[in-house]
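Structure first, commentary second.
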Amino acid sequence: MSHLVRLLPTGASFQVEEQESLLEGALRSGVAVPYNCNSGTCGACKARLIEGGLGPSRFHDYRFSEAERIEGILLLCSATAASDLSLELVDAAAEIPHQQIEARIAHLQQPTPHHLLLQLRTPRTRTLRFRAGQSVTLTLPEGLQRSLPVASCPCNGMILEFHLERLAGDPFVAALEKGARSVQITGPEGQVGLDEHSSRPLLFLAEGSGLAVVKSLIEHTLALELPQPITLVWLTPPDARYLDNWCRALVDALDDFTYLPLDPGVGSLQLVQLPTLVPQLANSDLYLAASESVAAAVSAAALQAGLPAGRLFTLPLAISRP
Ligand code: FES
């Protein structure tokens with residue numbers, strides 16, 4: 016019999032069989048959780064039980080303090096589930112370590128003549144821990160490197176997505192298209208992430224492949240089941256909307272998701288009108304992934320419309336240049 020385990024604050028969830036440890040269930044599902052020894056010794060996999068019933072614990076050497084016992088702290092590598100569970104990861108607020116992981120290139124897709132979607136798969140036991148909004152460096156076997164934001168949800172550290180612009184003469188892109196099979200991931204880097212404690216409406220504005228970092232933030236928002244309305248403004252020409260279907264699927268699936276594709280051909284005019292296009296602009300949290308000039312224009316319009324400066328989050332430029 017299997018049970019559903021939900022992790023806070025990431026919102027990730029996975030199924031665990033009654034006979035396996037919670038850590039085994041998480042790793043089998045590709046859910047990134049902190050751990051080290053996998054044998055009940057180091058304490059790296061501590062979590063707090065919020066709701067649900069535990070099954071028999073496997074033997075462990077780690078000694079809980081009295082305070083940890085009272086708090087309901089458990090070890091993911093020795094605890095089992097007897098019902099659906101909600102858990103809070105104890106070291107979730109701690110710094111995510113710098114990691115180096117060999118990953119397999121699982122999929123390379125060309126949704127438009129000018130874009131590539133790259134999907135990597137890490138080993139089950141070496142998933143990437145990162146926050147939405149962070150970047151990593153990818154190194155191909157011949158040494159070619161590219162720093163890119165992760166475009167997928169941190170709730171799945173095993174399947175990682177990246178967006179690349181397909182520029183003529185880019186050796187990194189050429190090596191991928193020639194059939195590179197593996198890549199080394201190092202990172203993550205970057206400080207800007209989702210303010211999970213805010214209840215303000217969420218407004219994401221991406222220019223071109225700035226959609227990558229915004230996609231990770233939106234998927235994280237959905238994994239956390241945050242209740243506020245979401246608006247996505249995507250500034251890119253109609254023939255370069257390489258994930259238009261993903262955007263439209265969210266509109267269909269969610270009650271409170273608005274998608275506004277803007278054409279940069281008439282974009283400067285429309286950006287000045289942003290407060291009209293997004294009436295709740297001043298009350299929102301604005302996440303911006305755009306070139307310097309667009310970011311400056313949007314920031315000025317938003318601040319003039321009454322957005323507090325502290326609610327404007329500028330994401331690292333996500334456009335992938337050689
Ligand atoms: Fe070391 Fe669980 S991973 S105690």
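Yeah, the sequence shown ends on 337 if you go by this note's numbering, and it's all consecutive. All C-beta atoms, glycine included, are put in the ideal place defined by N, C-alpha and C. This structure is a prediction, so every number in the text was calculated from the model and none was measured.
Three-state secondary structure assigned by DSSP to residue i
i           : result
residue 420 : With the chain represented from 16 up to 337, any question about residue 420 goes unanswered, as that position is not in the structure.
residue 182 : coil
residue 276 : strand
residue 193 : coil
residue 162 : strand
residue 291 : helix
residue 300 : strand
residue 81  : helix
residue 319 : helix
residue 228 : helix
residue 268 : helix
residue 313 : helix
residue 145 : coil
residue 108 : Residue placement at residue 108 is poorly supported in this model, since its pLDDT is 48, which falls under 50; the coordinates still yield a value, given next. Looking at residue 108 - three-state DSSP - the assignment turns out to be coil, as it is neither helix nor strand.
residue 204 : strand
residue 34  : coil
residue 211 : coil
residue 126 : strand
residue 10  : Residue 10 is absent from the model: the chain starts at 16 and stops at 337.
residue 121 : strand
residue 23  : strand
The ligand FES heavy atom lying under 7 Å from the CB of residue i
i           : result
residue 260 : no
residue 92  : yes
residue 55  : yes
residue 170 : no
residue 47  : no
residue 50  : yes
residue 257 : no
residue 41  : no
residue 58  : yes
residue 274 : no
residue 302 : no
Distance, residue j Cα to residue i Cα
i           : j           : result
residue 301 : residue 70  : 44 Å
residue 23  : residue 151 : 24 Å
residue 94  : residue 113 : 27 Å
residue 80  : residue 89  : 11 Å
residue 57  : residue 237 : 32 Å
residue 262 : residue 272 : 9 Å
residue 192 : residue 255 : 19 Å
residue 167 : residue 245 : 17 Å
residue 31  : residue 42  : 10 Å
residue 179 : residue 63  : 39 Å
residue 108 : residue 61  : With a pLDDT of 48 at residue 108, under the threshold of 50, the predicted position of this residue should be treated as unreliable, though the coordinate-derived value follows. Rounded to whole angstroms, residue 108 to residue 61 spans 13 Å at the Cα level.
residue 331 : residue 278 : 22 Å
residue 72  : residue 241 : 33 Å
residue 84  : residue 36  : 19 Å
residue 310 : residue 328 : 10 Å
residue 82  : residue 103 : 16 Å
residue 187 : residue 97  : 48 Å
residue 155 : residue 230 : 24 Å
residue 157 : residue 185 : 14 Å
residue 161 : residue 196 : 16 Å
residue 68  : residue 136 : 32 Å
residue 315 : residue 177 : 30 Å
residue 225 : residue 203 : 17 Å
residue 289 : residue 220 : 10 Å
residue 319 : residue 275 : 21 Å
residue 334 : residue 92  : For residue 334, the predicted model reports a pLDDT of 45, less than 50, meaning its position is unreliable and no value from the coordinates is stated.
residue 336 : residue 303 : In this prediction, residue 336 scores a pLDDT of 49, lower than 50, which makes its location untrustworthy; no coordinate-derived value is stated.
residue 265 : residue 239 : 15 Å
residue 258 : residue 29  : 27 Å
Contact belief for residue i with residue j at Cβ below 8 Å, rounded distance in angstroms
i           : j           : result
residue 251 : residue 223 : 5 Å
residue 115 : residue 201 : 5 Å
residue 198 : residue 118 : 6 Å
residue 131 : residue 123 : 6 Å
residue 325 : residue 297 : 13 Å between Cβ atoms; not a contact.
residue 139 : residue 45  : 7 Å
residue 207 : residue 164 : About 10 Å separates the two Cβ atoms, so there is no contact after all.
Heavy atom of the ligand ADP within 7 Å of residue i beta-carbon
i          : result
residue 96 : Judged by which ligands are present, the ligand ADP is missing from the structure shown, whose ligands are the ligand FES.
CB contact below 8 Å: residue i versus chain D
i           : result
residue 162 : Of the protein chains in this structure there is only one, and it is not chain D.
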